[in-house]
Structures are given as C-alpha cells and as structure tokens.
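Chemist: Per our numbering, the very first residue in the sequence shown carries number 72; after that it's consecutive.
Backbone N, C-alpha and C fix where the C-beta goes; we use that ideal spot for every residue, glycine too.
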Amino acid sequence: MRRLALAADAALAFALPLQAQTPDTREARLAAAEAYAAMTLADMDVAALVRTMYQPIIDQLAANGQVLRADQVADLDALYQSTMVEPLLAIMRGQGPVMADLFTLEEIEALAAFYSSPVGRSVMTKLPELVAAQQPQIMEMVQREV
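1) By the DSSP assignment, the alpha helix (DSSP H) with Asp116 in it spans what residues?
2) In chain order, what residues of the same chain lie with their CB nearer than 8 Å to the CB of Tyr186, ignoring the 5 residues before and after it?
3) Once the 5 residues before and after Arg122 are set aside, which same chain residues still bring their CB inside 8 Å of it?
4) Please state the DSSP three-state secondary structure of Gly191.
5) Would you call the segment 96 to 104 and the segment 158 to 178 in contact, with 3 or more CB pairs under 8 Å?
6) Which class does Gln92 belong to by DSSP, given the choice of helix, strand or coil?
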C-alpha cells in the first residue's frame, strides 16, 4: 500500500504543476481527479470502511439480545470483505469522471493538496472511524423516519 502511495504522490507531484498551466477543461479535470482518486485510495483503509457496513447489524442484534460469537463476527467480516471490497474500490476508482463533471480544476487541485498533506492523510485514514461513529445515528434516523 505504501508503494502505491508513493507512486500516487509522484504522479500528483508531476500532474499538479502541469495543471496549473492548463486551462480548466474536462480533460484536465479528469486527469487531476484520477490522480486524486489514486492518491486517496492509497491511504484509505477500505477494509475498515467495509466493517462500518455490517456493524449496525451486529449492534441491532445485540440490542435485541442476540450477541454474536467472535467466530460469527469473523465469518460476517470475511463475507463482507470478500463481497464488498472490490466493488467498493471499483466505485472509488471510477470517481474521476464524476469529479470532473462536478468540480473545477482548482477545486480538485485543492482537494489533492489537502489530502497529500500530513493532516489530509491523517483525515483520510480516520474516515472509516467517522462513518462508524455516525452509523448508529443514521440507522436510528432511518428507522424513525421510514
């Protein structure tokens, strides 16, 4: 993973000075967005992000008095990891065209600059924890409103 991060850094370092001289075209935005996506994926713990998908199920079962054994949780984790990681990565890798349509070149460059900084990388590694912390509130809101 670290080699991927270094390669993404090198690609980003090469791409950003060129983009500063490049007009804000879709092609320029797409190139910047794809470099950004590669860089962020290098630091993201996708396995931890996937764990946030099933934790509400475990919490709901526990609230109903059904506590899963460690081996059951391990089996659930293995199922989710084998089923969700690759499709989730494919979605994240494919975000370049969406970003190119939504953001300006300046906005993409600003995101890349932030997430390539030590603080930005720290934020990126903590995103699964943020999602996990908010998931119970989201589930509660959905159950209340639906």
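Modeler: For this structure:
1) By 1-based counting over the sequence shown, the position of residue 116 is 45. Counting along the chain, Asp116 falls outside any alpha helix (DSSP H), and DSSP gives it neither H nor E.
2) Along the sequence shown, read from residue 1 onward, the residue named residue 186 stands at position 115. Only Tyr107, Met110, Thr111, Asp114, Arg192, Val194 and Met195 meet the Cβ criterion.
3) Taking the first residue of the sequence shown as position 1, residue 122 is located at position 51. Leaving aside the five residues that flank Arg122 on each side, the residues in its chain whose CB is nearer than 8 Å to its CB run, in chain order, Asp148, Tyr151, Pro199 and Ala203.
4) Translated into positions along the sequence shown, residue 191 becomes position 120. In this structure, Gly191 counts as helix in the three-state DSSP scheme.
5) yes
6) Residue 92 sits at position 21 when you count from the first residue of the sequence shown. Here Gln92 sits in helix by DSSP.
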